[in-house]
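Protein chains: 2
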Amino acid sequence: MIDISALFKISYGMYIVTSGNREQNNGFISNSVFQVTASPIQFAVCCNKDNYTSEFISTFKSFSISVLKQDASADIIGLFGYMSGRYKNKLLDCKVEYSETNVPMVLSDSLAILECKLIRTVDVGSHLMFVGEVINSKLLDDTEPLTYAYYRNVKKGKAPKNAPTFVDEKKLNENIRDKTMSDVYKCPVCGYEHNVAEGDPKSGIDPNTPWNDVSEEYTCPLCGAGKEDFYKL
Amino acid sequence: MIDISALFKISYGMYIVTSGNREQNNGFISNSVFQVTASPIQFAVCCNKDNYTSEFISTFKSFSISVLKQDASADIIGLFGYMSGRYKNKLLDCKVEYSETNVPMVLSDSLAILECKLIRTVDVGSHLMFVGEVINSKLLDDTEPLTYAYYRNVKKGKAPKNAPTFVDEKKLNENIRDKTMSDVYKCPVCGYEHNVAEGDPKSGIDPNTPWNDVSEEYTCPLCGAGKEDFYKL
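Listed in order, the protein sequences are those of chains R and Y. Number 1285 marks the last residue of the first sequence (the numbering used here); no jumps. Number 1285 marks the last residue of the second sequence (the numbering used here); no jumps.
Encoded structure:
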């Protein structure tokens, strides 16, 4: 029997992983970044095959890892964690540094950066595991890194849909949902709660618009998940 | 340029990874344990090729992960992290549970256990990366897990020699050592400090025995590293 709560006890940091060059690039939030050998210093990063950054790493044969600060803003986590680079240039407004491989290394909200040359790619099913040798690294700020535990417990964040640690809360909550609770619909990807009484005026949804009358095209204002993914609290 | 201090900002947990069956088994302390896919739930573990447990995982095709509690004892970390199972049955005095694959899952000082069936082995140089599917998991105690940051900062622990995150402090300190400091010799593996004035009576070394007179067979009382590895503080 698999008890999902046991998996919550695994510790991770939170990182922005990017790939590409000065012209074309993308990045995403990853919590599965880890050192695999000490000599040479090699790191592995897991990336969903559907993730746009996977294509960049496979093409450009390099990637960078930015270690997020504990006080990293929700904006940068929203930008890199919940939006697709297919529709938005995520690195446009970030402070970025380039080095040997021309991979953009994000400095914004980060306390350390690592530049890696791709050594091998391992297919592990839904994800690709990219193993890279660290060719450059720099400490930017000697403060505490953001950990996934801190993000979950203090910042109340959730794993994005493509993360190896994603938990389908929609399924998880299906049987325990109290149908008599207030008229609130929750995004299972990022945790955003849509309150019918308040509506979502920024997305053109007036207060008190019944959920059934909200367009099927409606997407979560925080992470872009579709209306069909929301569940009633 | 590689700045090692940047690598210290990567977050890890601390685990006992075991393999084998009821008769033959071994385990070691690992900090490189991480989820690689969510569906199915797969975990990867890096293990030095010289590590005795590597042989067991390759032979028995299964392994277990015990998530250490934040207050795990120095004894269990010393036992699984700094001693070789070639000379000692590490699991003899531990509380252990068996399940489907008969791999021993250590319950002592642990708050969660995962049982994994080996799916693939990836050679990453000095280490093997074992990817396994979680077939059973259990939460034992809903408290804080031990993180590597906590182990380093609060418990003042070091990475064992075979860990992917091992830093050769002997080399690191070679140039900055102050030769005028007290007569103390430090073990680069576990951080134990041998003070000449105090000696190491338990190992038969009287107080004030000059370091040169200490037998070349002397090994660190904590981790078993050889005398030749010690360096002068």
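Think of the CB as a built atom: it goes at the ideal place given N, C-alpha and C, for glycine as much as any other residue.
T1173 (chain R), enclosing beta strand (DSSP E) - first and last residue: By 1-based counting over the first sequence, the position of residue 1173 (chain R) is 121. Unbroken beta strand (DSSP E) run through T1173 (chain R): 1162–1175.
6 Å Cβ shell around G1133 (chain Y) - same chain, five flanking residues per side excluded: Here residue 1133 (chain Y) is taken as the residue at index 81 of the second sequence, counted from 1. For G1133 (chain Y), where only same-chain residues beyond five positions count, the Cβ hits under 6 Å are I1081, P1212.
N-terminal and C-terminal residue of the beta strand (DSSP E) that Y1067 (chain R) is part of: On the first sequence, residue 1067 (chain R) is found 15 positions in, with the first residue counted as 1. Run containing Y1067 (chain R): 1067–1072, per the beta strand (DSSP E) assignment.
Contacts that M998 (chain R) makes with chain Y (C-beta to C-beta distance below 9 Å): It is not possible to answer for residue 998 (chain R), since the shown part of chain R is limited to 1053 through 1285.
For P1197 (chain R): DSSP bridge partner residues: On the first sequence, residue 1197 (chain R) is found 145 positions in, with the first residue counted as 1. Its beta-bridge partners are R:K1121.
With 16 other Cβ atoms within 10 Å as the buried cut-off, status of T1070 (chain R): Translated into the one-based positions of the first sequence, residue 1070 (chain R) becomes position 18. When all chains shown are included, T1070 (chain R) counts as buried.
C-beta contact flag for S1118 (chain Y) and M1157 (chain Y) at 8 Å: For this step, residue 1118 (chain Y) is matched to residue 66 along the second sequence. For this step, residue 1157 (chain Y) is matched to residue 105 along the second sequence. Yes.
Neighbour flag for Y1292 (chain Y) against chain R, beta carbons, 8 Å: Since the first residue shown for chain Y is 1053 and the last is 1285, residue 1292 (chain Y) is missing from the structure and cannot be characterised.
CA-to-CA distance, S1151 (chain Y) to Y1202 (chain Y), given in whole angstroms: For the purposes of this step, residue 1202 (chain Y) is identified with residue 150 of the second sequence, where counting begins at 1. For the purposes of this step, residue 1151 (chain Y) is identified with residue 99 of the second sequence, where counting begins at 1. If I take the Cα positions, the gap works out to 31 Å.
Through-space distance from V1241 (chain R) to Y1283 (chain R), alpha-carbon basis: The residue labelled residue 1283 (chain R) in the question sits at position 231 within the first sequence. The residue labelled residue 1241 (chain R) in the question sits at position 189 within the first sequence. Roughly 11 Å separates the two Cα atoms.
Strand pairing of C1098 (chain R), partner residues [DSSP]: Mapped onto the first sequence, residue 1098 (chain R) falls at position 46. In the DSSP output, where bridge partners are listed per residue, C1098 (chain R) has R:M1181.
Cα-Cα separation between M1233 (chain R) and H1246 (chain R), rounded to whole angstroms: As a working note, residue 1233 (chain R) is residue 181 in the first sequence. As a working note, residue 1246 (chain R) is residue 194 in the first sequence. Only weak support exists for where M1233 (chain R) lies, its pLDDT of 44 falling under 50; the coordinates are left without a value.
Q1087 (chain Y) beta carbon less than 8 Å from that of P1262 (chain R): Here residue 1262 (chain R) is taken as the residue at index 210 of the first sequence, counted from 1. Here residue 1087 (chain Y) is taken as the residue at index 35 of the second sequence, counted from 1. Taking 8 Å as the Cβ cut-off, P1262 (chain R) and Q1087 (chain Y) do not qualify as a contacting pair.
Within 9 Å of chain C by C-beta, residues of the segment 1055–1069 of chain Y in sequence order: Of the protein chains in this structure, namely R and Y, none is chain C.
Bridge partner(s) assigned by DSSP for V1236 (chain R): On the first sequence, position 184 is the one that residue 1236 (chain R) refers to. V1236 (chain R) pairs with R:N1247.
Spatial neighbours of E1250 (chain Y) in its chain, beta-carbon cut-off 8 Å, leaving aside the 5 residues before and after: Taking the first residue of the second sequence as 1, we reach residue 1250 (chain Y) at position 198. Once the five neighbours on either side are set aside, the close Cβ partners of E1250 (chain Y) are P1259.
Chain Y contact residues for T1111 (chain R), given Cβ-Cβ distances below 7 Å: In the first sequence, residue 1111 (chain R) corresponds to position 59, counting from 1. Near T1111 (chain R) there are no residues of chain Y at all, since even the closest Cβ is about 22 Å away, more than 7 Å.
Where F1218 (chain Y) sits in the DSSP three-state scheme: Start at 1 with the first residue of the second sequence, and residue 1218 (chain Y) comes out as number 166. Three-state result, F1218 (chain Y): coil.
For G1177 (chain R) and N1227 (chain Y), the rounded distance between their alpha carbons: Taking the first residue of the second sequence as position 1, residue 1227 (chain Y) is located at position 175. Taking the first residue of the first sequence as position 1, residue 1177 (chain R) is located at position 125. Because N1227 (chain Y) carries a pLDDT of 42, less than 50, the predicted location of this residue cannot be relied on, and no value is offered for it.
Residue-chain proximity (V1248 (chain R), chain Y), Cβ-Cβ < 8 Å: Here the question's residue 1248 (chain R) lines up with position 196 in the first sequence. For V1248 (chain R), the answer is no, since every Cβ of chain Y falls outside 8 Å of its Cβ.
Min CB distance K1231 (chain R) to chain Y below 8 Å: If you number the first sequence from 1, residue 1231 (chain R) lands on position 179. Residue confidence is low: K1231 (chain R) scores 37 on pLDDT, short of 50, so the model does not pin down where it sits. No coordinate-derived value is stated.
Euclidean distance between Cα positions of T1197 (chain Y) and D1127 (chain R): The residue given as residue 1197 (chain Y) occupies position 145 in the second sequence. The residue given as residue 1127 (chain R) occupies position 75 in the first sequence. Residue identity differs from the one stated: residue 1197 (chain Y) is Pro in this sequence, not Thr. Roughly 29 Å between the two C-alpha positions.
Straight-line gap, D1194 (chain Y) to G1209 (chain R) (C-alpha atoms, nearest Å): Numbered from 1 along the second sequence, position 142 holds the residue referred to as residue 1194 (chain Y). Numbered from 1 along the first sequence, position 157 holds the residue referred to as residue 1209 (chain R). Computed Cα separation, rounded: 19 Å.
Per DSSP, the bridge partner or partners of Q1087 (chain Y): One-based indexing of the second sequence puts residue 1087 (chain Y) at position 35. DSSP lists Y:F1095 as partners of Q1087 (chain Y).
Min CB distance M1053 (chain R) to chain Y below 8 Å: Residue numbering aside, residue 1053 (chain R) sits at position 1 when the first sequence is read from its first letter. Closer than 8 Å: yes.
Beta carbon of M1066 (chain Y) nearer than 8 Å to that of L1131 (chain Y): For the purposes of this step, residue 1066 (chain Y) is taken as residue 14 along the second sequence, with counting starting at 1. For the purposes of this step, residue 1131 (chain Y) is taken as residue 79 along the second sequence, with counting starting at 1. No, they are not a contact pair.
Collapsed DSSP secondary structure at K1147 (chain Y) in the structure displayed: Reading the second sequence from its first residue, position 95 is the one you call residue 1147 (chain Y). Of the three classes helix, strand and coil, the one that applies to K1147 (chain Y) here is coil, per DSSP.
Any 3 or more C-beta pairs closer than 8 Å across the segment 1174–1192 of chain Y and the segment 1095–1115 of chain Y: yes
CA-to-CA distance, K1061 (chain Y) to K1169 (chain R), given in whole angstroms: For the purposes of this step, residue 1169 (chain R) is taken as the residue at position 117 of the first sequence. For the purposes of this step, residue 1061 (chain Y) is taken as the residue at position 9 of the second sequence. Between K1169 (chain R) and K1061 (chain Y), the C-alpha separation is close to 20 Å.
R1229 (chain R), buried or exposed, once every other Cβ within 10 Å from all chains shown has been counted against 16: Working through the first sequence from its first residue, we reach residue 1229 (chain R) at position 177. Note on R1229 (chain R): pLDDT 41, under 50, position unreliable in the model; no value is reported.
For D1252 (chain Y), the three-state DSSP class (helix, strand or coil): Within the second sequence, numbered from 1, the residue matching residue 1252 (chain Y) stands at position 200. Here D1252 (chain Y) sits in strand by DSSP.
Cutoff 8 Å: V1186 (chain Y) Cβ touching any chain R Cβ: Numbered from its first residue, the second sequence carries residue 1186 (chain Y) at position 134. V1186 (chain Y) counts as touching chain R.
Contact list for S1178 (chain R) against chain Y, beta-carbon separation under 8 Å: Here residue 1178 (chain R) corresponds to residue number 126 of the first sequence, with the count starting at 1. Result: T1089, A1090, S1091.
Cβ shell of R1074 (chain R) (< 8 Å), same chain only, five flanking positions each side left out: Here residue 1074 (chain R) is taken as the residue at index 22 of the first sequence, counted from 1. Taken in chain order, the residues that qualify are Y1150, N1154, P1156.
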